[in-house]
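Every letter in the sequence shown is one number past the one before it in this note's numbering, and letter 115, counting from 1, is 119.
Glycine is no exception: its CB is placed at the ideal position from the N, C-alpha and C atoms.
Structure first, then comments.
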Amino acid sequence: MRSCDSCSDPAVKVALSGGTRQVHLCYRHAVEEALLDAPLDEIRTISENAGYPVNGIMFMFEAVARAERIAGVSDISWAVIRSARERFDTSSRYVLRNWGIITRVDIGKIFLALVEAGLVAAVPGAGLNDFDTQFTLGDVLDAP
Ligand SMILES: [Zn+2]
C-alpha cells in the first residue's frame, strides 16, 4: 500500500505531476488538488464534531456512495468492509484502526454525521444503537 506524498495516510489516487512524475495522494490531498470530488468543507466540519480524521470520513462517504443498495445497518457495514478491501486490501484493518474506525459503532457515528450534514440519505432503522455489536471490524476484515 502506497502512502500519500503529502501526508502519511494511505494513497487512493495516482496523478502525474509536471507531466512525468507520479504522485500518490490520500482522499484529502486528492480533493485539494481537484483530482477527486467531495464536499471537503462539510467533511471537515464533521471531522471536528465527530472526532474522526477527514480521510476516515471521506472513506466512509465514498463507501456509502459506491454501494448499490443501502437498506439497513448491515448494508452500511458491508459497504464499508467491501470498500476497505478494494482500497486497502490486506492493510484494511490497519488503515481503519488508524482512523479510529474500529467497531460498527464507529461506522454508525460517522454514517449518522454524514446523514445529519445532508451528504448521504437517511436509512430507516439505522440509529446509533442499531450499529451496536460485539464484533470489531478487524474480526470481519481478517476473515477470508
Ligand atoms: Zn495526504
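- Annotation for ARG25: the continuous beta strand (DSSP E) segment containing it runs 25-29.
- Under the DSSP assignment, LEU141 falls in the alpha helix (DSSP H) whose first and last residues are 141-146.
- For LEU29, the distance from the CB to the nearest heavy atom of ligand 1 is below 7 Å.
- Under DSSP, PRO14 takes part in a beta bridge, and its partners are SER7.
- Its Cα nearest to that of ASP45, the residue ALA121 stands out among ALA121, SER87 and SER81.
- Looking at the DSSP output, LEU20 bridges to GLN26.
- When ALA54, SER87 and LEU132 are compared, the shortest CA-CA separation from ARG70 is found for SER87.
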